[in-house]
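Asker: One structure, as structure tokens, below. Some questions next.
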Amino acid sequence: MVSANREMAVYCFDTLVAHYNSEDAPPPAFDEGQHPLFVTWKKVVNGGEPRLRGCIGTLEARCLINGFKDYALTSALKDRRFPPIQARELPSLECTVSILTDFETANNYLDWEVGTHGLIIEFTDPEYSTRRSATYLPEVAAHEGKFCSLHRPIH
Numbered sequence: 001m002v003s004a005n006r007e008m009a010v011y012c013f014d015t016l017v018a019h020y021n022s023e024d025a026p027p028p029a030f031d032e033g034q035h036p037l038f039v040t041w042k043k044v045v046n047g048g049e050p051r052l053r054g055c056i057g058t059l060e061a062r063c064l065i066n067g068f069k070d071y072a073l074t075s076a077l078k079d080r081r082f083p084p085i086q087a088r089e090l091p092s093l094e095c096t097v098s099i100l101t102d103f104e105t106a107n108n109y110l111d112w113e114v115g116t117h118g119l120i121i122e123f124t125d126p127e128y129s130t131r132r133s134a135t136y137l138p139e140v141a142a143h144e145g146k147f148c149s150l151h152r153p154i155h
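Shown next as structure tokens:
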């Protein structure tokens with residue numbers, strides 16, 4: 001099983017830097033494979049806790065090299081929640097990558113562990129009859145702490 005690693009995050013950073021320099025990114029230092037993936041950018045402001053600056057990925061399996069290349073730029077430049085990352089922000093950015101594996105359907109809303117499992121929530125908005133979905137990576141609940149009271153009790 002492939003795991004997210006430092007080389008993958010470096011490749012995403014190299015891709016964004018190359019974009020601003022109008023050049024090609026150097027070849028990656030990791031092997032190819034196909035998995036769902038996400039790229040997350042955070043920005044450190046005034047030495048404080050890094051703040052989310054962009055996070056986009058796909059639940060469809062993608063070739064890792066092209067997937068990280070595409071989503072490094074998409075999450076940096078096209079996350080609708082944020083203005084596009086500017087070249088001047090590069091020195092204060094952090095990049096993390098996620099590779100999603102071992103999908104399973106939960107038995108109920110308590111059937112997951114904070115920091116271990118991610119969540120994919122899908123529902124129909126009754127007001128607009130529109131299908132909605134959200135994906136939360138495993139580290140989101142652990143970092144935010146908002147979901148900690150929902151994990152199943154230890155027996």
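Numbering (full-length UniProt numbering), first residue to last: 1 to 155.
Just so it is clear, CB atoms sit at the ideal spot from N, CA and C, and this is done for glycine as well.
Values in this document were obtained by computation on a predicted structure and should not be read as measured data.
Determine the extent of the alpha helix (DSSP H) in which Arg-80 is found, giving its start and end residues.
Answerer: For the purposes of this step, residue 80 is identified with residue 80 of the sequence shown, where counting begins at 1. Premise fails: Arg-80 is in no alpha helix (DSSP H) and is neither H nor E.
Asker: How should Arg-80 be labelled, buried or exposed, when 16 other C-beta atoms within 10 angstroms of its C-beta is the threshold for buried?
Answerer: Walking along the sequence shown from the start, residue 80 turns up at place 80. Counting Cβ neighbours within 10 Å, Arg-80 comes out exposed, since fewer than 16 surround it.
Asker: Tell me where the alpha helix (DSSP H) around Val-39 begins and ends.
Answerer: Looking up residue 39 in the sequence shown gives position 39. Here Val-39 belongs to no alpha helix (DSSP H); instead the beta strand (DSSP E) covers 34-43.
Asker: Strictly by DSSP, which residues pair up with Ile-85?
Answerer: Counting from one through the sequence shown, the residue named residue 85 turns up at place 85. Answer is none; Ile-85 lacks a bridge partner.
Asker: Is there contact between the segment 50-64 and the segment 28-37, where contact requires at least three CB pairs shorter than 8 Å?
Answerer: Cβ pair count under 8 Å is three or more, so yes.
Asker: Going straight from the alpha carbon of Pro-28 to that of Ser-3, what length do you get?
Answerer: Reading the sequence shown from its first residue, position 28 is the one you call residue 28. Reading the sequence shown from its first residue, position 3 is the one you call residue 3. Their Cα atoms are separated by approximately 15 Å.
Asker: Could you pull the DSSP bridge partners for Glu-94 from this structure?
Answerer: As a position in the sequence shown, residue 94 is number 94, starting the count at 1. Glu-94 is bridged to Lys-42.
Asker: Please classify Ser-75 as buried or exposed, where buried requires at least 16 neighbouring CB atoms within 10 angstroms.
Answerer: The sequence position of residue 75 within the sequence shown is 75, counting from 1. So Ser-75 ends up on the buried side.
Asker: So does the segment 40-52 actually touch the segment 79-98, counting three or more Cβ pairs closer than 8 Å?
Answerer: Contact between the segment 40-52 and the segment 79-98 is present, because at least three Cβ pairs lie under 8 Å.
Asker: Have a look at the DSSP bridge pairing and note the partners of Phe-123.
Answerer: Locating residue 123 in the sequence shown gives position 123, where the first residue counts as 1. Beta-bridge pairing links Phe-123 to Arg-132.
Asker: In chain order, what residues of the same chain lie with their CB nearer than 8 Å to the CB of Thr-130, ignoring the 5 residues before and after it?
Answerer: As a first step, residue 130 must be located in the sequence shown, where it is residue number 130. For Thr-130, where only same-chain residues beyond five positions count, the Cβ hits under 8 Å are Thr-124.
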